[in-house]
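Remarks on the structure that follows.
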Amino acid sequence: MLRIAVVGSGPSGCYTAQSLVQQDPDALVDVLDRLPCPYGLVRYGVAPDHEKIKSLQNNLRTVLEHERVRFLGGVQIGPGGVPTTRLRDLYHAVVYCVGAATDRHLGVPGEDLPGSWSATEFVSWYSAHPDSVDDGFVLGARSAVVIGIGNVAVDVTRMLARGTAELSPTDMPQAALTALGASRVTEVSMVGRRGPSQARFTTKELRELGTLPDTAVSVDPAELALDPAYADPSGLPAPQRRNIEALRAWAEAPPQDARHRIRLRFFLRPVELLAEAGRVSAVRFERTAPDGRGAVTGTGRYEDIEAQLVLRSVGYRGVPLEGLPFDTTTGTVPHSEGRVLREGRVAPGEYVAGWIKRGPTGVIGTNRPCAKETVTSLLEDAAVLVRREVAQDPLTALRAEGVEPVEWPGWCAIERAEAELGASLGRGVVKLPDWESLLGAAHHNAL
Ligand SMILES: Cc1cc2nc3c(=O)[nH]c(=O)nc-3n(C[C@H](O)[C@H](O)[C@H](O)COP(=O)(O)OP(=O)(O)OC[C@H]3O[C@@H](n4cnc5c(N)ncnc54)[C@H](O)[C@@H]3O)c2cc1C
């Protein structure tokens, strides 16, 4: 009987566990996560006002409640926690589903000025990630620049434009709700270095910006026209064509008066963040132009956009995990159909799935076939894997070594505490935002 550890309880970890118990009638699966809460970025990334996508947690929940699956939260694998080598001793196989936890950098002067944040830091704050800092993101800001034109950039732009009435029904932590409700940010520029036909946002998310109450979206038709595909988008794939259509509608619409203005800007590459009184005050951009080969090139013309808040959203990147090989170019673990490769050779018993396997692309559902491929490889190796003797019960061994996991009843206790907190505030469920309250709820209220 195979005993398998899945590290990470995000979509790829849950889909891996699901595939394992579906395809192997005897497999026992432990899903370990450094956080006391499951679901990875579905809980700590997907925007709180996207309730429908958030509700995917209910599907992942059924996996973690399966009789042959155990959730072991609050267990860090790697430095400061359980070493990867120890995990290998305890289980026949380990599947790493640790995601891509860090941001790419812009690599421009001023990037680290106060007032300049990665989108991840902002997202973690409004999502109540226990590692996040409450550093007054919107405090004192009137205008914001969001650098990037993907869906995460759209998410953070939307959150800056939403008011208390719309955010209050979400599970956003109370401090973030209060801060965003009191925000005086009225201008948000979302800026991409490429053209509209190369933007990575999806049309549904883009169009949603136009539905926000008391918010005007503006697009400069002359800037759109710099894109050769703008005049005739018929040769573009359907998603990009639809993006162009949505942008054209805004570009052609008469100007609107509204409390919030979202400006969608293209062909501008950030070259420096400018400071005033020790804080960011503007972003200097260089105008770019298509180079005819699908990329852009600088034109030597510059434009400064005022901003007291800058959110950088230019992509995610995996972080190396001690004991696992890592490709620094791609930010992923080298693998062959999910089998970890050490110096080009398969490392028996070690597997990867999700963002750490294929990089930070695709939607939640993309992780399902990705996990399935990995599980297929693992089960092909099963006959060899089971030959190795492993702990009778890895959890007993871990406990003997001082590890105190948050098990499923502990997570259910966190859920109850979040419902109670929400009720006390006259809201629905409200997330607990720090380690102390999460672990307090998990350990003291578990049934
Ligand atoms: C801001 C944001 C918004 C998004 N919104 C959407 C959306 O609306 N719709 C959509 O379809 N997709 C969305 N996505 C994409 C989606 O979230 C990803 O496809 C998906 O979460 C990737 O799954 P994963 O399991 O590989 O990684 P993750 O979801 O990141 O899960 C990784 C898990 O591993 C754990 N972990 C990491 N390191 C360790 C360690 N050393 N020890 C133990 N545990 C560890 C983490 O705590 C985490 O729980 C969004 C992504 C981001 C960043």
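The working numbering applies: residue 9 is where the sequence shown begins, and numbers increase by one. We put the beta carbon where it would ideally sit given N, CA and C, even for glycine.
query, result
"Under 8 Å, with one C-beta from each stretch per pair, do the segment 399-412 and the segment 363-379 reach the 3-pair mark?", "no"
"For a test of your reading of the model: does the CB of serine 20 fall under 7 Å from any non-hydrogen atom of ligand 1? Yes or no.", "yes"
"Could you compute how far the alpha carbon of valine 383 sits from the alpha carbon of threonine 24?", "7 Å"
"Should tryptophan 443 be counted as a contact of ligand 1 given a C-beta to heavy atom distance under 7 Å?", "no"
"Is valine 371 a contact residue of ligand 2, with contact defined as CB to any heavy atom under 7 Å?", "Among the ligands in the structure shown, ligand 2 does not appear; only ligand 1 can be found there."
"When the distance is taken between beta carbons, is leucine 72 closer than 8 Å to tryptophan 416?", "yes"
"Quick one: is arginine 396 buried, meaning 16 or more other Cβ sit within 10 Å of its Cβ, or exposed?", "exposed"
"Within its chain, find whatever has a CB closer than 7 Å to the CB of proline 91; leave out the 5 residues flanking it on each side and keep chain order.", "Gly331"
"Proline 181 to proline 247, Cα distance in whole Å?", "34 Å"
"Tell me which residues share the same chain as leucine 234 and place their Cβ nearer than 6 Å to its Cβ, disregarding the 5 neighbours each side in the sequence.", "Phe275"
"State yes or no: is the C-beta of threonine 194 within less than 8 Å of the C-beta of arginine 166?", "no"
"Whole alpha helix (DSSP H) runs in the segment 100-145 with 4 or more residues, listed along the chain?", "127-134"
"Would you say aspartate 41 and glycine 89 are within 8 Å of each other, going by their C-beta atoms?", "no"
"At which residues does the beta strand (DSSP E) containing glutamate 284 begin and terminate?", "276-284"
"Just grab the DSSP bridge partners of leucine 52 for me.", "As written in the sequence, residue 52 is tyrosine, which differs from the leucine given in the question. Its beta-bridge partners do not exist; DSSP assigns none."
"Can you grab the Cα-Cα spacing for the pair isoleucine 85 / leucine 386, in whole Å?", "20 Å"
"For valine 168, which residues from the same chain have a beta carbon less than 6 Å from its beta carbon, with the 5 sequence-adjacent residues on both sides left out?", "Valine is not the amino acid found at residue 168; the sequence shown has leucine there. For leucine 168, where only same-chain residues beyond five positions count, the Cβ hits under 6 Å are Ala152, Val193, Val196."
"Can you find the residues in the same chain that come closer than 8 Å, C-beta to C-beta, to valine 50, ignoring five residues on each side of it along the sequence?", "Gly18, Pro19, Ile61, Lys62, Leu64, Gln65, Leu68, Ile372"
"CB of isoleucine 85 to nearest heavy atom of ligand 1: below 7 Å?", "yes"
"Compute the Euclidean distance between the alpha carbons of proline 117 and glycine 158, then round it to the nearest angstrom.", "23 Å"
"Which parts of the segment 10-64 are runs of the alpha helix (DSSP H), unbroken and 4 residues or longer, counting only runs that do not cross its ends?", "19-31, 49-52, 59-62"
"Check for me: the alpha helix (DSSP H) holding methionine 167 runs from which residue to which?", "159-169"
"Return the chain-ordered list of same chain residues with a C-beta closer than 6 Å to the C-beta of leucine 121, the five sequence neighbours on each side being excluded.", "Leu281, Ala283, Val288"
"Rank Ala190, Thr305, Gly171, Pro328 by C-alpha distance to the C-alpha of proline 56 and give the top, closest one.", "Gly171"
"Leaving out the 5 sequence neighbours to the left and right, which residues in its chain are closer than 7 Å to tyrosine 52 when beta-carbon positions are compared?", "Ser132, Ser135, His137"
"Just to confirm, is the Cβ distance from glutamate 251 to threonine 307 under 8 Å?", "Per the sequence shown, residue 251 should be read as asparagine rather than glutamate. Against a cut-off of 8 Å, the Cβ pair of threonine 307 and asparagine 251 comes out as no contact."
"Can you tell me where the alpha helix (DSSP H) holding arginine 231 begins and where it ends?", "The displayed chain sequence assigns glutamate, not arginine, to residue 231. Unbroken alpha helix (DSSP H) run through glutamate 231: 229-232."
"So, using beta-carbon positions, are threonine 110 and valine 327 closer together than 8 Å?", "yes"
"Are the Cβ atoms of valine 77 and valine 39 separated by less than 8 Å?", "yes"
"Quick check on arginine 273: buried or exposed, where buried means 16 or more other Cβ atoms within 10 Å of its Cβ?", "buried"
"Can we count tyrosine 346 as close to ligand 1, meaning its CB is less than 7 Å from some heavy atom?", "Looking at the sequence provided, one finds glycine at residue 346 rather than tyrosine. Not so, every heavy atom of ligand 1 lies at least 7 Å from the Cβ."
"May I ask you to report which of helix, strand or coil DSSP gives threonine 338?", "coil"
"Could you tell me the alpha carbon to alpha carbon distance between alanine 3 and alanine 421, rounded to whole angstroms?", "Limits of the chain in this structure are 9 at one end and 455 at the other, which puts residue 3 out of reach."
"Please indicate yes or no: does the CB of serine 140 lie closer than 7 Å to some heavy atom of ligand 1?", "no"
"Is glycine 53 near ligand 1, with its Cβ less than 7 Å from a heavy atom?", "yes"
"How long is the line joining the alpha carbons of arginine 185 and glycine 200, rounded to whole angstroms?", "What sits at residue 185 in the sequence shown is leucine, not arginine. The alpha-carbon atoms of leucine 185 and glycine 200 are separated by roughly 28 Å."
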